[in-house]
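Asks:
Numbering (this note's numbering), first residue to last: 3 to 398.
1) Under 8 Å: does the beta carbon of residue 88 sit that close to some heavy atom of the ligand HEM?
2) Going by DSSP, what residue range makes up the beta strand (DSSP E) through residue 392?
3) Could you pull the DSSP bridge partners for residue 307 from this structure?
4) Where does the unbroken alpha helix (DSSP H) through residue 63 begin, and where does it stop?
5) Residues bridged to residue 32 by DSSP?
6) Can you give me the C-alpha to C-alpha distance between residue 248 and residue 52, rounded to a whole angstrom?
7) Residue 32 and residue 73 - do their beta-carbons sit closer together than 9 Å?
8) Restricting to runs no shorter than 3 residues, where is the beta strand (DSSP E) found entirely within the region 100-148?
9) Give the range of the alpha helix (DSSP H) segment to which residue 242 is assigned.
10) Considering only the alpha carbon of each residue, which of 162, 210, 258, 370 lies closest to residue 65?
11) Distance check for residue 274 and residue 132, CA to CA, integer angstroms please.
12) With a threshold of 8 Å, are at least 3 pairs of Cβ atoms found where one atom belongs to the region 157-175 and the other to the region 97-116?
13) If we count the other Cβ atoms within 10 Å of its Cβ and call it buried at 16 or more, is residue 378 buried or exposed?
14) Residue 272: which of 394, 71, 356, 139 sits nearest, CA to CA?
15) In its own chain, which residues sit with a C-beta less than 6 Å from the C-beta of residue 368, not counting the 5 before and 5 after it?
16) If we ignore side chains and look at the alpha-carbon of each, how far apart do residue 92 and residue 152 end up?
17) Just tell me which of 9, 253, 358, 226 has its CA closest to the CA of residue 102.
18) Per DSSP, what kind of secondary structure is residue 325 in: helix, strand or coil?
19) Do residue 97 and residue 232 have their CB atoms nearer than 9 Å?
20) Have a look at the DSSP bridge pairing and note the partners of residue 385.
21) If you run the structure through DSSP and keep just helix, strand and coil, what is residue 10?
22) Please name the residue or residues paired with residue 1 in a DSSP beta bridge.
23) Rounded to whole angstroms, what is the Cα-Cα separation between residue 90 and residue 124?
24) Between the Cα of residue 286 and the Cα atoms of 276, 280, 308, which residue gives the shortest distance?
25) Would the beta-carbon of residue 333 fall within 9 Å of that of residue 255?
26) So, with DSSP's three-state summary, where would you put residue 296?
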């Protein structure tokens, strides 16, 4: 059996492949695409912790990324310590739990606005009309993006994530859109330095930490622009796919949805089960820094290896009856936001947005049906989710 993260057929249902890998090829090698993969929970967990052996310097996806394109905008996903630690500490000093928590009233108001239109029509497209615009508007507001710039930014963000089937090459249109986004972030930084607001970017201007030698260090404009680009891409995708996956799963499990509508305090745990069962991010790619042995095979230094968190979260060695969707499952650790030094910096924001979104959706649509025949999958190598999820309200 083949693991090809670029196959559209694989995107439809990767889980039979993951099950085969765990049992028959816990260390897998794809000679055509020249990468290795780990799929068992303990193996993925331990590799995520070992940043010295499994480096992020070439990024976290299998696509062939020319990292020189992003030299002007250093990003944490392309870094190992100590550079990674400095940048993360600086960003974290401004991207605080208090700032994230303060967004909840805005998120709830935005959900109500988006859902009002869906209610008026008795349904619609859960993703394009709710799950996608929600995180985009939250992030634009968080960063202080002017309203007149948002339509163009949305177009560039969508194009930057487009991929062609069965190839690791990033299409030229996606690279061009990424460069347009980076240029925009630099222009916005210049504007906000002259006319500051209370957004996150202006807080990042003032972020400052002590270095090991006792000096003070701040973020460069390139580092801030890189963080904006990263938050704009990862923050949008994670929440959009998480919510779309939740809608389909709750359609398939109406008894679970009814329980959540009656007892919305259960929604946070239910969303953790969605993250475990269908993680939006399927793997983390790393570059091996030294020869390492797995299951009697040496993975050579310089090799690319995929840490398949989506396979790990279905490992029966770690989860009882892992292929059963159970919103009351106790989940101590699921790896769906990564683990170790690269644990998703925006996880708390994603959880807040998803919780509020499902609370408000439950109030608006206590009974609904998804037209699964018309659902459209997203096609990216490390993403599991939907571009379109048509649904309608039902009476029972």
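Just so it is clear, CB atoms sit at the ideal spot from N, CA and C, and this is done for glycine as well.
Replies: Well, looking at it:
1) Within the structure as shown, the ligand HEM is missing, as the structure has no ligands at all.
2) 392-395
3) 38, 288
4) Where residue 63 is concerned, there is no enclosing alpha helix (DSSP H), given that its DSSP letter is neither H nor E.
5) 37
6) 32 Å
7) no
8) 125-127
9) 223-254
10) 162
11) 20 Å
12) no
13) exposed
14) 356
15) 263
16) 27 Å
17) 358
18) coil
19) no
20) 283
21) helix
22) Residue 1 lies beyond the stretch modelled for the chain, which goes from 3 to 398, so this question has no answer here.
23) 44 Å
24) 308
25) no
26) strand
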